[in-house]
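To convert, note that position 89 of the sequence shown is 89 in UniProt numbering; the numbers rise steadily by one, no gaps. Each residue gets a CB set at the ideal place from its N, CA and C atoms; glycine is no exception. Remember, it's a predicted structure, so these values are computed and weren't measured experimentally. To start, the structure itself, in structure tokens.
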Amino acid sequence: MSNDAPLGGGPADSVPTDRAPTDRAPTDRARAGRAHARRAPDTFVNGPSPIAVTVDVVLLTLRSGQLCVLVTQRDSPPFQDGWALPGGFVRVDEDLDASARRQLTEGTGVAASGHLEQLRTYGRPDRDPRARVVSVAYLALLPNLPPPPGTDRDGPTARWWPVEDLGSADGPVLAFDHPTIVADGVERARSKLEYTPLAAAFCEEPFTLAELRRVYEAAWGAPLDPPNFRRKVLSTPGFVVPVGARAAPRGGGRPAELYRRGSATALHPPLLRRSV
């Protein structure tokens, strides 16, 4: 049914026969309002402004006890030879999550089989000098990963950078608004460690409580009291589950018990940074 036709099916300005006529005729303003509502917006008539959509992935892992982010070297303008997050343009027939996983695999050789969540959308008009580009950013967390396989004859085209080195004189200069995206991703991860069991995503199963504690220490940048941490983790329902085995002996002392991630999706009570 056309939007111009009344519910009764008669002419557009007629009154249905089963309704009493109104006392007042429609005003010019009312007629103009109806006409405006029926008219397609100018953006539909003239065509919408072209906007490209990309995905960018903040991939975090632990390497040598440091929280690290994966960056790739750009091989074309803008910011040629600079460093950026793994990412690229979304295909017209592609889901956003699938695009994020594809960009990681194709650009760096890293299979994003671990935790992946949408971070936020970045759409500042001047964020890309080429065109109007909106980026949907993702946060990915994986256990300790080796150096990325993406290399060429001149050196690595993808590498891990310690988060603490970003912005320093020795750190990479990130393209676009990627410094903001990385900062948002790192803060999201640090915050979620407080109230979710996300820290286990950094650990290969099975893991010891000491390995889990080192995730928190690397992410929060501060040492934690081992007995207090152990007590809090084991008293949190569903956080970790013992697998009934112990780690291989290392030096003296009793081998540490091994655990896997439990069924909890939230930590009650939370592991607050200031209290562990």
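Counted within 10 angstroms of its Cβ, other Cβ atoms place glutamine 80 as buried (16 or more) or exposed: Position 80 of the sequence shown, counting from 1, holds the residue named residue 80. Per the 10 Å Cβ criterion, exposed.
Are the Cβ atoms of proline 129 and proline 78 separated by less than 7 Å? Against the sequence shown, residue 129 aligns to sequence position 129. Against the sequence shown, residue 78 aligns to sequence position 78. Cβ atoms of proline 129 and proline 78: closer than 7 Å.
Could you tell me the distance, in whole angstroms, from the CA atom of glycine 107 to the CA atom of proline 227? Working through the sequence shown from its first residue, we reach residue 107 at position 107. Working through the sequence shown from its first residue, we reach residue 227 at position 227. Rounded to the nearest whole angstrom, the C-alpha separation of glycine 107 and proline 227 is 42 Å.
Would you decide whether proline 255 is buried or exposed? Buried here means 16 or more other CB atoms lie within 10 Å of its CB. Looking up residue 255 in the sequence shown gives position 255. Per the 10 Å Cβ criterion, exposed.
Have a look at the DSSP bridge pairing and note the partners of tyrosine 195. In the sequence shown, the residue the question calls residue 195 occupies position 195. Beta-bridge pairing links tyrosine 195 to no other residue.
Burial state of glutamate 204 (16 or more Cβ within 10 Å): By one-based count along the sequence shown, residue 204 stands at place 204. Exposed: under 16 other Cβ atoms inside 10 Å.
Strictly by DSSP, which residues pair up with leucine 67? Taking the sequence shown and counting its residues from 1, one reaches residue 67 at position 67. Partner(s): Leu62.
Within 10 angstroms of its Cβ, does residue 280 collect 16 or more other Cβ (buried), or is it exposed? Because the chain here runs from 1 to 276, residue 280 falls outside it and cannot be looked at.
Between the Cα of valine 134 and the Cα atoms of Ala218, Arg261, Ala52 and Ala248, which residue gives the shortest distance? For the purposes of this step, residue 134 is taken as residue 134 along the sequence shown, with counting starting at 1. Nearest C-alpha to valine 134: Ala52.
Along the chain, where does the alpha helix (DSSP H) that runs through glycine 253 open and close? Here residue 253 refers to the residue found at position 253 of the sequence shown. Counting along the chain, glycine 253 falls outside any alpha helix (DSSP H), and DSSP gives it neither H nor E.
Are the Cβ atoms of arginine 101 and alanine 84 separated by less than 7 Å? Within the sequence shown, numbered from 1, the residue matching residue 101 stands at position 101. Within the sequence shown, numbered from 1, the residue matching residue 84 stands at position 84. It is not a contact, given that the beta carbons lie outside the stated cut-off.
Assuming leucine 212 and alanine 199 make a contact with CB atoms under 8 Å, what is their CB distance in whole Å? Counting from 1 along the sequence shown, the entry for residue 212 is found at position 212. Counting from 1 along the sequence shown, the entry for residue 199 is found at position 199. Confirmed, Cβ separation roughly 6 Å.
Have a look at the DSSP bridge pairing and note the partners of leucine 56. Taking the first residue of the sequence shown as 1, we reach residue 56 at position 56. Here residue 56 turns out to be aspartate, not leucine, going by the sequence shown. Aspartate 56 is bridged by DSSP to Gly87 and Ala137.
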